[in-house]
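Have a look at the structure below, then the notes.
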Amino acid sequence: MSSVPNPSNQSLRFPFLNSKRAFFLLFGSMALLVIYVFEVPLMNPNSPAWAHFAPKSRLWLLPHALGGTLALLLAPFQFSNRLRRWNLQLHRVLGRIYVGAVMVAAPMAIPIAAIQGPPELLMAAVMQSSGWLITTLIALYCIRTGNITQHRQWMIRSYPFGLVFLATRTLFLVPAIHRMGLLGIIEVVWSCVFAAAFIPTFVINWRAIFPLKKMQAAKAGG
Ligand code: HEM
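Here the sequence shown stands for residues 412 to 633, where the numbers follow the numbering used here.
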C-alpha cells in the first residue's frame with residue numbers, strides 16, 4: 412500500500428468536518444425557505460401574516476426576531492475551528508454578541524407565546540427559552556473559568572434551541588403535517604424541543620459510543 416497521503420482520504424480522517432458542512436447547508440436552506448414563506452409576507456403591514464400578530468405581541472416581536480436572527484447567523488462562525496485559530500479575539504467578540512442576542516430573544520419569546528397562543532404551546536416556549544438561556548449561560552460560565560471542552564459542548568447544546576425556529580416552520584410546510592392543523596403544530600413544536608434537548612448529547616458522545624477501529628485497537632494494545 413502506498414504511504415503517500417491521499418487528499419481524497421481527508422473526509423475519512425475528518426468525518427465530522429463533512430457532517431458539519433452538511434448540517435449548516437441543510438439549515439441554511441431551511442432558513443431561505445422560512446424567510447421566503449413566513450418572513451417576507453411580514454414586511455407588508457397590510458398582510459394577513461402581520462394581522463396574525465396581536466398589537467401587544469408586535470412590541471416584543473422586533474427585539475425577539477432581531478436577537479434570534481443575530482444568534483442564528485453568528486453561531487456557525489463560532490463553530491468554525493479555522494476562524495477561531497485565525498482570530499481568537501473575533502471569536503470572543505462574536506461569542507459575546509451571541510450570548511447577548513440569546514439573552515434578548517429567548518425571554519421575549521414567552522410573552523409572545525402567552526399573547527399569541529395557543530395555550531398548549533406556552534410550556535413548549537418556556538422549555539425552549541429556558542433551555543436556550545441555561546445552556547448558553549453554562550457555555551459562558553465554562554469559558555470564563557477556562558473550561559474549553561465543556562464550553563464547546565454547551566455551545567453545541569445551546570444552538571439547537573434556536574434552530575427549533577427553522578425546523579418547526581419547515582416541518583409545518585410538509586403537507587401531511589399542514590393538514591393536521593393545530594394538532595400538527597403542537598406535535599411538531601414539542602418534538603423539535605425534545606430533539607434540541609436530546610440530539611446534542613448524542614453528537615457530543617458520538618465517538619465514545621462508536622469508537623474508530625484504530626482507537627479500539629490502540630486501547631486493546633495498552
Ligand atoms: C427560545 C426560542 C424561541 C421561542 C420560544 C420562540 C417563540 C416564538 C413564538 C411563540 C412566536 C409567535 C408565533 C406565531 O404566533 O405564529 C415567534 C415568532 C417569531 N420568532 Fe421566535 N422563538 C424562538 C426563537 C427564535 C429565533 C432563533 C428566531 C430567529 C430568526 C426567531 C424569530 C421569530 C420571528 C421572525 C417571528 C415572527 C414570524 C414567525 O412566526 O415566523 N425566533 N417566536
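Glycine residues also receive a C-beta, built at the ideal position from the N, C-alpha and C atoms.
*Within 7 Å: the Cβ of residue 489 and any heavy atom of ligand 1?*
Within the sequence shown, residue 489 is the residue found at index 78, counting from 1. In this structure, ligand 1 has no non-hydrogen atom nearer than 7 Å to the beta-carbon of residue 489.
*asked:* Less than 7 Å separating the Cβ of residue 572 from some heavy atom of ligand 1?
replied: The residue given as residue 572 occupies position 161 in the sequence shown. With a cut-off of 7 Å, the C-beta of residue 572 is classified as near ligand 1, since at least one heavy atom of the ligand falls inside that distance.
*Excluding sequence positions up to five away, which residues of its chain have a Cβ less than 8 Å from the Cβ of residue 423?*
For the purposes of this step, residue 423 is taken as the residue at position 12 of the sequence shown. Summary for residue 423: the model assigns pLDDT 46, below 50, so the residue's position carries little reliability, and this model does not support an answer.
*asked:* With a threshold of 7 Å (Cβ to nearest heavy atom), would residue 575 be considered close to ligand 1?
replied: As a position in the sequence shown, residue 575 is number 164, starting the count at 1. Indeed, a heavy atom of ligand 1 lies less than 7 Å from the Cβ.
*May I ask which residues mark the beginning and end of the alpha helix (DSSP H) holding residue 551?*
As a first step, residue 551 is located in the sequence shown; it is residue number 140 there, counting from the start. Its alpha helix (DSSP H) spans residues 533-555.
*Close Cβ partners of residue 508 (< 8 Å) along its chain, the five nearest in sequence each way excluded*: One-based indexing of the sequence shown puts residue 508 at position 97. Closer than 8 Å at the Cβ level, and outside the excluded window around residue 508, lie 481, 485.
*Could you tell me how far apart the beta carbons of residue 520 and residue 541 are, in whole angstroms, since I believe they sit closer than 8 Å?*
The count along the sequence shown starts at 1 and reaches residue 520 at position 109. The count along the sequence shown starts at 1 and reaches residue 541 at position 130. Actually they do not touch by this definition, with Cβ atoms about 10 Å apart.
*Throw me the rounded Cβ distance for the residue 543 and residue 517 pair, which I believe falls under 8 Å.*
Locating residue 543 in the sequence shown gives position 132, where the first residue counts as 1. Locating residue 517 in the sequence shown gives position 106, where the first residue counts as 1. About 4 Å; that satisfies the 8 Å criterion.
*Look at residue 452 and residue 465 and say whether their C-beta atoms are less than 8 Å apart.*
Locating residue 452 in the sequence shown gives position 41, where the first residue counts as 1. Locating residue 465 in the sequence shown gives position 54, where the first residue counts as 1. No.
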